[in-house]
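**Student:** So the protein sequences, as listed, match chains A and B.
Heads up: the first sequence begins at 213 in our numbering, then just goes up one per residue.
Heads up: the second sequence begins at 213 in our numbering, then just goes up one per residue.
Right, I'll just put the structure down here and ask away after.
2 protein chains.
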Amino acid sequence: MASQAAGYNVAVVGATGAVGREFLRIAEARDFPIKSLRLLASARSAGSRLRFRGEYLQVEETGDDSFRGIDLAFISATTEASRHYALIAVAAGAVAIDDSSAFRMDPNVPLVVPEVNAGDLRRDRRLVAIPNCSTTPLVMALAPLHRANPLTRVVVSTYQSVSGTGTAAMQELTNQTKQALDGGHPESEVYPHQIAFNLLAQIDDFLDNGYTKEEWKMVQETRKIMHEPELPVSSTCVRVPVYVCHSEAVHAEFRDPITPERVRELLSVQPGVELDEPGRPESWHHPVQAAGQDAVYVSRIRRDVSHPSSVAFWLVSDNLRKGAALNAIQIAESMAERDLF
Amino acid sequence: MASQAAGYNVAVVGATGAVGREFLRIAEARDFPIKSLRLLASARSAGSRLRFRGEYLQVEETGDDSFRGIDLAFISATTEASRHYALIAVAAGAVAIDDSSAFRMDPNVPLVVPEVNAGDLRRDRRLVAIPNCSTTPLVMALAPLHRANPLTRVVVSTYQSVSGTGTAAMQELTNQTKQALDGGHPESEVYPHQIAFNLLAQIDDFLDNGYTKEEWKMVQETRKIMHEPELPVSSTCVRVPVYVCHSEAVHAEFRDPITPERVRELLSVQPGVELDEPGRPESWHHPVQAAGQDAVYVSRIRRDVSHPSSVAFWLVSDNLRKGAALNAIQIAESMAERDLF
Numbered sequence: 213m214a215s216q217a218a219g220y221n222v223a224v225v226g227a228t229g230a231v232g233r234e235f236l237r238i239a240e241a242r243d244f245p246i247k248s249l250r251l252l253a254s255a256r257s258a259g260s261r262l263r264f265r266g267e268y269l270q271v272e273e274t275g276d277d278s279f280r281g282i283d284l285a286f287i288s289a290t291t292e293a294s295r296h297y298a299l300i301a302v303a304a305g306a307v308a309i310d311d312s313s314a315f316r317m318d319p320n321v322p323l324v325v326p327e328v329n330a331g332d333l334r335r336d337r338r339l340v341a342i343p344n345c346s347t348t349p350l351v352m353a354l355a356p357l358h359r360a361n362p363l364t365r366v367v368v369s370t371y372q373s374v375s376g377t378g379t380a381a382m383q384e385l386t387n388q389t390k391q392a393l394d395g396g397h398p399e400s401e402v403y404p405h406q407i408a409f410n411l412l413a414q415i416d417d418f419l420d421n422g423y424t425k426e427e428w429k430m431v432q433e434t435r436k437i438m439h440e441p442e443l444p445v446s447s448t449c450v451r452v453p454v455y456v457c458h459s460e461a462v463h464a465e466f467r468d469p470i471t472p473e474r475v476r477e478l479l480s481v482q483p484g485v486e487l488d489e490p491g492r493p494e495s496w497h498h499p500v501q502a503a504g505q506d507a508v509y510v511s512r513i514r515r516d517v518s519h520p521s522s523v524a525f526w527l528v529s530d531n532l533r534k535g536a537a538l539n540a541i542q543i544a545e546s547m548a549e550r551d552l553f
Numbered sequence: 213m214a215s216q217a218a219g220y221n222v223a224v225v226g227a228t229g230a231v232g233r234e235f236l237r238i239a240e241a242r243d244f245p246i247k248s249l250r251l252l253a254s255a256r257s258a259g260s261r262l263r264f265r266g267e268y269l270q271v272e273e274t275g276d277d278s279f280r281g282i283d284l285a286f287i288s289a290t291t292e293a294s295r296h297y298a299l300i301a302v303a304a305g306a307v308a309i310d311d312s313s314a315f316r317m318d319p320n321v322p323l324v325v326p327e328v329n330a331g332d333l334r335r336d337r338r339l340v341a342i343p344n345c346s347t348t349p350l351v352m353a354l355a356p357l358h359r360a361n362p363l364t365r366v367v368v369s370t371y372q373s374v375s376g377t378g379t380a381a382m383q384e385l386t387n388q389t390k391q392a393l394d395g396g397h398p399e400s401e402v403y404p405h406q407i408a409f410n411l412l413a414q415i416d417d418f419l420d421n422g423y424t425k426e427e428w429k430m431v432q433e434t435r436k437i438m439h440e441p442e443l444p445v446s447s448t449c450v451r452v453p454v455y456v457c458h459s460e461a462v463h464a465e466f467r468d469p470i471t472p473e474r475v476r477e478l479l480s481v482q483p484g485v486e487l488d489e490p491g492r493p494e495s496w497h498h499p500v501q502a503a504g505q506d507a508v509y510v511s512r513i514r515r516d517v518s519h520p521s522s523v524a525f526w527l528v529s530d531n532l533r534k535g536a537a538l539n540a541i542q543i544a545e546s547m548a549e550r551d552l553f
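This is how it looks when you write it as structure tokens:
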């Protein structure tokens, strides 16, 4: 980070959101070199204060002139906010790292998980997208396997936490849970049906092909990040009454036969992936354990008995961290290391 | 039911359990012809009273002489209880319908979902097993499709409710949820880890091949019920913080190409299966809605984009009803209809 002796001037759009707050915690814990920090949010949240490195900083309303002098803008608000402010931030000279789906499939925008495709980062690509929080852990586990033995098909079912929707959804889960325990009828505002003690088999809107946009993001983003535009991928995305961490049941087919032992060997050297204890299948991971952690946890690796060259496994990852804020900071660190700012 | 003018002498082993209580509710609602009813349970529950047809009946401790004069014994307790009492009931002249895994894979014991393989019921097979509560809804959806176009592979991920474990697990979910909302540290007795706001990627013990017994039951029972001993099936079984209903994300591959429209057509005439509204993908089903209902609800039928002759769908079913007690009563009704008692 030679060019920024004292660090970067950083703006966080959506600072008061679940991902924005996690960004601040992670940046502080990793000692990310921040010279100045501008916390931005909608008018509704402007004026509130957030703590960073022992100081309380006031949140300002995001505006078109919020990005003057900014080196790095992290945007995790609404897709509309991303559409508007990402380009303004880049025009103002910043690198913008965007958490929305607005630009992910734009061929001019790198979609990056640094452990997988840091090579897609370039000095002349000032707008960088981070994948959906369900895609990131999936490609973290698939990429090292694919390099060793080409994937021919991926089928995944997700178990996604409410923090993926945001803080209002986390509050709705709490409120509805209390209402249900009190014998009342839980009221839904964020979700179409009760989420407390329930499952919702729809995340985002439906497409004409019967998939939801969330499911389609997993298909398309996985292909883009792995540079395999035709990779057969199918997913079912389900919201579960869990606060933090997305979990996934993955079935991966390969061109050639592959053993669970080989999968374990390949994943054991993949940065950012943690495995269960060898020989102790009961040491599988779960959301409460993985929340607040950086790793993508992979367990229950086994031969898929329904196909001769397929394996099945279970993964759990903090959707606010590796699924969002941590991945964004790692992108910034990766760009800094290679002097791409 | 010509041979039993006034109905059957019925014994329910495990009457105070989640499935046992549901058996009583369903038998009453369906007006199942019961001449006398004997409620049986462990010593711990003996002496309690349960309501049936407006009367309170006292629960007795199950013993070796509990089945004298009994025509039909329904057993839903522990596997050990099944192993012991099922054969005693049969020896005493009863038809025993058993909810445990003790006899399901025994070649001499029919494993039956009446809408699928009622033909396996025989007068000289006095012990009948009902499938695991995650298998039954799966074969309800797969069987009519398989008859039209042979299945070549099934991959399923489950989202199973705590009532599948029993009433103690339902109470643990309630207790832990309250503890978690109060900011405390939930205590686990039934499950190895917290289930409140969490997921458990293990149901039953592990086998050497990395699958759990629950997952392996789905593989083997599906094959037996569908008379396809080699059918490639793989599953991941996950416990979710939901009280009632098991849900499943299913990917089914067929020998020949098949459209979602054809799947809908085939399932629309399958007794016991209910579909979402045509053209309204957002009318998918969820556990809170399906709890207390008899049907297996199938929604989100779509072409699986990862395979040329595969479809994906979502199913939800009350694990205490079609997954257990209702299926048992339907077996008894089916045997009565065909004079097999």
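We put the beta carbon where it would ideally sit given N, CA and C, even for glycine.
Being a predicted model, the structure only gives us computed values, none of them experimental.
1. Given a limit of 8 Å on CB to CB distance, which residues of the stretch 401 to 434 of chain A reach chain B?
2. Pick from A253(B), R335(B), F286(B), V321(B): whose alpha carbon is nearest that of A548(B)?
3. Strictly below 9 Å CB to CB, what residues from chain B border E327(A)?
4. Kindly say whether P444(B), judged by its beta-carbon, lies nearer than 8 Å to any beta-carbon of chain A.
5. P453(A) touches chain B at which residues, Cβ-Cβ below 8 Å?
6. Measuring alpha carbon to alpha carbon, tell me which of Y423(A), L284(A), G484(A) ends up nearest A461(B).
7. Between T448(B) and chain A, is any beta-carbon pair separated by less than 8 Å?
8. Could you say which of Q383(B), G378(B), C345(B), M438(B) lies nearest to A536(B) if we only look at CA atoms?
9. Please state whether DSSP places D310(B) in a helix, a strand or coil.
10. Which residue wins for smallest C-alpha separation from A255(A), given the options K247(A), F286(A), T274(A)?
11. Spell out a yes or no on whether the stretch 446 to 455 of chain A and the stretch 408 to 415 of chain A are touching, meaning 3 or more CB-CB pairs, one atom from each, closer than 8 Å.
12. Taking Y220(A) as part of the beta strand (DSSP E), name the residues at either end of that continuous run.
13. Any beta carbon from chain A within less than 8 Å of I516(B)'s own beta carbon?
14. Which residues in chain B sit within 9 Å of R393(A), going by Cβ to Cβ distance?
15. Does M213(A) come out as helix, strand or coil in the three-state DSSP assignment?
16. By Cβ distance below 6 Å, which residues in the same chain neighbour A314(B) in space, the five residues on each side in sequence not counted?
17. Use the C-beta contact count for G232(B): other C-beta atoms within 10 angstroms, 16 or more gives buried, fewer gives exposed.
18. Using Cβ-Cβ distances below 7 Å, what residues of the stretch 223 to 246 of chain A are close to chain C?
19. Check whether the Cβ of H554(A) lies closer than 8 Å to any Cβ atom in chain B.
20. Label P362(A) either buried or exposed according to how many other C-beta atoms from any shown protein chain fall within 10 Å of its C-beta, with 16 as the threshold for buried.
21. Three or more C-beta pairs under 8 Å: does that hold for the stretch 379 to 386 of chain A against the stretch 220 to 239 of chain B?
22. Are V577(A) and S248(A) close, meaning C-beta to C-beta below 8 Å?
23. Taking Cβ-Cβ distances below 8 Å as the criterion, which residues of the stretch 361 to 378 of chain A are in contact with chain B?
24. Starting from A301(A) and walking both ways along the beta strand (DSSP E), at which residues does that stretch end?
25. Using the C-alpha atoms, what's the distance from V321(A) back to L552(A)?
26. Please report whether the beta-carbon of L483(A) lies at a distance below 8 Å from any beta-carbon of chain B.
27. Are at least three pairs of beta-carbons, each pair with one atom in the stretch 515 to 526 of chain A and one in the stretch 433 to 446 of chain B, less than 8 Å apart?
28. Measuring from the CB of G219(A), is there a heavy atom of the ligand SAH at a distance below 7 Å?
29. Extract the residue ranges of the beta strand (DSSP E) inside the stretch 351 to 403 of chain A, only unbroken runs of 3 or more that lie entirely within it.
30. Using beta carbons (cut-off 8 Å, strictly below), is R359(B) in contact with chain A?
31. So, helix, strand or coil for L251(A), using DSSP?
32. Taking Cβ positions only, does A353(B) come closer than 8 Å to chain A?
33. Please list the partners that E494(B) has in chain A, where partner means a Cβ-to-Cβ separation under 9 Å.
34. Who are the near neighbours of V454(A) in its chain, counting only those whose CB is closer than 6 Å to its CB and skipping five residues on each side?
35. Would you list, in sequence order, the uninterrupted beta strand (DSSP E) runs of no fewer than 3 residues that lie entirely inside the stretch 514 to 552 of chain A?
36. Can you pull the chain B neighbours of S459(A), defined as C-beta to C-beta under 7 Å?
**Tutor:** Inspection of the coordinates gives the following:
1. Along the stretch 401 to 434 of chain A, the positions whose C-beta sits under 8 Å from a C-beta of chain B are P404, H405, Q406, F409, N410, L411, L412, A413, Q414, F418, N421, G422, Y423, V431, read in chain order.
2. Reading the second sequence from its first residue, position 336 is the one you call residue 548(B). For the residues A253(B), R335(B), F286(B), V321(B), the minimum Cα distance to A548(B) belongs to R335(B).
3. As a first step, residue 327(A) is located in the first sequence; it is residue number 115 there, counting from the start. Within chain B, no residue has its beta carbon less than 9 Å from that of E327(A); the closest one is some 23 Å off.
4. Sequence index remark: in the second sequence, residue 444(B) carries index 232 (1-based). For P444(B), the answer is yes, since a Cβ of chain A falls inside 8 Å of its Cβ.
5. For the purposes of this step, residue 453(A) is taken as residue 241 along the first sequence, with counting starting at 1. Neighbours of P453(A) on chain B, chain order: F409, V452, P453, V454.
6. Within the second sequence, numbered from 1, the residue matching residue 461(B) stands at position 249. The residue with the shortest Cα to Cα distance from A461(B) is Y423(A).
7. By one-based count along the second sequence, residue 448(B) stands at place 236. By this cut-off, T448(B) is an interface position.
8. Reading the second sequence from its first residue, position 324 is the one you call residue 536(B). When each option's Cα is compared against that of A536(B), the closest is C345(B).
9. Along the second sequence, read from residue 1 onward, the residue named residue 310(B) stands at position 98. Correct three-state label for D310(B): strand.
10. Position 43 of the first sequence, counting from 1, holds the residue named residue 255(A). Among K247(A), F286(A), T274(A), the Cα nearest to that of A255(A) belongs to T274(A).
11. yes
12. Against the first sequence, residue 220(A) aligns to sequence position 8. Note, Y220(A): beta strand (DSSP E), 220 to 225.
13. As a first step, residue 516(B) must be located in the second sequence, where it is residue number 304. Sequence inspection shows Asp at residue 516(B); the Ile mentioned does not correspond to that position. Answer yes: the Cβ-Cβ gap between D516(B) and chain A drops below 8 Å somewhere.
14. Numbered from 1 along the first sequence, position 181 holds the residue referred to as residue 393(A). First, the amino acid is wrong: residue 393(A) is Leu here, not Arg. Within chain B, the residues near L393(A) are T386, T389, K390, L393.
15. Locating residue 213(A) in the first sequence gives position 1, counting from the first residue. Low local confidence applies: a pLDDT of 39 at M213(A) is under 50, so the model's placement there is unreliable, and no value is given.
16. On the second sequence, residue 314(B) is found 102 positions in, with the first residue counted as 1. These residues qualify, in order along the chain: T291, S294, R295.
17. Translated into the one-based positions of the second sequence, residue 232(B) becomes position 20. Counting every other CB atom within 10 Å of its CB across the protein chains shown gives G232(B) a total of 16 or more, marking it as buried.
18. Reference to chain C is not applicable here, since the protein chains of this structure are A and B.
19. What the structure shows of chain A is the stretch from 213 to 553, and residue 554(A) is not part of that stretch, so it cannot be assessed.
20. For this step, residue 362(A) is matched to residue 150 along the first sequence. Exposed, since its Cβ has fewer than 16 Cβ neighbours within 10 Å.
21. no
22. Nothing can be reported for residue 577(A), as the shown portion of chain A is limited to 213 through 553.
23. Listed by position along the chain: R365, V366, V367, S369, Y371.
24. Counting from 1 along the first sequence, the entry for residue 301(A) is found at position 89. Run containing A301(A): none in the beta strand (DSSP E); it sits in the alpha helix (DSSP H), 291 to 303.
25. As a position in the first sequence, residue 552(A) is number 340, starting the count at 1. As a position in the first sequence, residue 321(A) is number 109, starting the count at 1. Distance between the alpha carbons of L552(A) and V321(A): 15 Å.
26. For the purposes of this step, residue 483(A) is taken as the residue at position 271 of the first sequence. This sequence places Pro at residue 483(A); Leu is not what is there. Cβ-Cβ to chain B under 8 Å: no for P483(A).
27. yes
28. Among the ligands in the structure shown, none appear at all, so the ligand SAH cannot be discussed.
29. Given a length threshold of 3 residues, each whole run of the beta strand (DSSP E) inside the stretch 351 to 403 of chain A is given here in chain order: 363 to 371.
30. Along the second sequence, one-based indexing puts residue 359(B) at 147. Not one chain A Cβ lies under 8 Å of R359(B).
31. Residue 251(A) sits at position 39 when you count from the first residue of the first sequence. If DSSP states are grouped into helix, strand and coil, L251(A) belongs with the strands.
32. By 1-based counting over the second sequence, the position of residue 353(B) is 141. No, A353(B) does not count as interfacial toward chain A.
33. Taking the first residue of the second sequence as 1, we reach residue 494(B) at position 282. Residues of chain A passing the Cβ test: P404, Q414, D417, F418.
34. Against the first sequence, residue 454(A) aligns to sequence position 242. Answer for V454(A): S373, P499, listed in chain order.
35. Unbroken beta strand (DSSP E) runs of no fewer than 3 residues, entirely contained in the stretch 514 to 552 of chain A, are found at 522 to 529, following chain order.
36. Mapped onto the first sequence, residue 459(A) falls at position 247. Result: L411.
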